[in-house]
Amino acid sequence: MDKTREEFVSMCRTGITDRESQSHNEIYNFLVACFVRADKGLKGYVDIEDIDNLIEEAAAMPRKFGYAPTNEEMYKNADERIKARKIHFKTMDLEKEGKVTLDNWITFAMRHIQGKMDRFPKDYLSGKAEDVYKQEFTDFIKKAVVRGSPEYKELYFYLLKTFVKGDKARTGEVDVHEFDKMIEYAATAPRRYGLAPRTDEMFRNDEERFNQRKHFFAKMDVNKNNSISFNEWLDFAYQHIVGKVAQLPP
1331 MDKTREEFVS MCRTGITDRE SQSHNEIYNF LVACFVRADK GLKGYVDIED
1381 IDNLIEEAAA MPRKFGYAPT NEEMYKNADE RIKARKIHFK TMDLEKEGKV
1431 TLDNWITFAM RHIQGKMDRF PKDYLSGKAE DVYKQEFTDF IKKAVVRGSP
1481 EYKELYFYLL KTFVKGDKAR TGEVDVHEFD KMIEYAATAP RRYGLAPRTD
1531 EMFRNDEERF NQRKHFFAKM DVNKNNSISF NEWLDFAYQH IVGKVAQLPP
């Protein structure tokens, strides 16, 4: 599983909070692959001799991006590391049978990831983070319209996540009904901070809202195939955000 830092953070945020998401499937499949490689005897479980290999492989990516400490930072020597692994093994071995089954491992790893979420950068864009305030969001979004900035990268992956969420058929395209839902999803954060009007403030009814969304969609759908791809969604959303940022006070 080769990812950039931004992809990794986005995957973990979404995958831990939304069990129906593609990101959750990706984390699950990765953990299964780690388990299978650690199960050297093809027994269907991992014993205590192989638990160190299992944890080491799973920890490689968060360590790569600085979200998990290295062995050298945690342990004085190999003996201390192995002692800690035995404690992990006992924690996972819920049935006390001297083995870790796949469900034991998945439960342990998912809870461990969830417990490390506070090490990630603040989640400025979902509109759900309790530790992000209006001024912080405003400062972030001003930087996010500068292509190439770290904030733009985070915006890019958030808009990609929004697109993937809308792409129910997994074709790489969305139709106008999915586009309508994507706008609502993407507007959560600015609405939370009072920087965008609610749907019921802009439209008298659902029909009026959907007619406007169809108008936006038609402008993006240049080849008139009744669908748009990610690049068209990205350009639409980016230009809209740029226009909104221009209206913010300096």
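In this text, residue positions in the sequence shown follow this note's numbering: the first is 1331, and each later residue adds one. Ideal placement from N, C-alpha and C gives every residue a C-beta, glycine not left out.
*Buried versus exposed, by CB contacts within 10 Å (16 or more), Leu1384*: buried
*Please work out which residues of its chain come closer than 6 Å, Cβ to Cβ, to Ala1368, disregarding the five sequence neighbours upstream and downstream, and give them in chain order.*
Val1376, Asp1380, Asn1383, Leu1384
*Within the chosen definition, does the stretch 1455-1472 reach the stretch 1536-1556 through at least 3 CB pairs nearer than 8 Å?*
no
_Residue interval of the alpha helix (DSSP H) (run including Tyr1397)_ = Segment: none, Tyr1397 is in no alpha helix (DSSP H) and carries neither H nor E.
_Just to confirm the assignment, what range does the alpha helix (DSSP H) spanning Arg1522 have?_
1518-1522
*Reference His1482, options Phe1395, Tyr1568, Phe1560, His1545, closest by Cα*: Inspection of the sequence shows that residue 1482 is occupied by Tyr rather than by His. Residue Tyr1568 is the option with its Cα nearest to Tyr1482.
*Residue closest to Leu1578, alpha-carbon to alpha-carbon, out of Gln1444, Gly1478, Lys1426, Tyr1523*: Tyr1523
*With Phe1487 as the anchor, note down where its alpha helix (DSSP H) starts and where it stops.*
1480-1496
*Between the C-alpha atoms of Thr1529 and Ala1519, what's the straight-line distance to the nearest angstrom?*
14 Å
*When you compare only the Cα positions, how much space is there between Tyr1452 and Ala1390?*
The amino acid at residue 1452 is misidentified as Tyr; the sequence shows Lys. Rounded to the nearest angstrom, the two C-alpha atoms are 22 Å apart.
*For Glu1336 versus Tyr1454, is the C-beta spacing smaller than 9 Å?*
no
_Suppose contacts are defined by Cβ-Cβ distances below 9 Å. Is Leu1432 in contact with Phe1493 by that definition?_
no
*Across which residues does DSSP place Ser1559 in a beta bridge pair?*
Glu1503
*Just reading off the alpha helix (DSSP H) that Asp1409 is part of, what are its end residues?*
1408-1422
_Tell me which residue opens and which closes the alpha helix (DSSP H) that Tyr1358 is part of._
1352-1368
*Alpha carbon to alpha carbon, how far is Gly1573 from Asp1551? Give it in angstroms, no decimals.*
21 Å
_Span of the alpha helix (DSSP H), counted from its first residue to its last, around Asn1434_ = 1432-1445
*Under a three-way DSSP split, which group does Val1339 fall into?*
helix
*Which of the three DSSP states, helix, strand or coil, is assigned to Tyr1405?*
coil
*Once you ignore the five residues that flank Lys1333 on each side, which residues in its own chain have a CB closer than 8 Å to its CB?*
Met1341, Met1391
*What is the residue span of the alpha helix (DSSP H) that Arg1543 lies within?*
1536-1550
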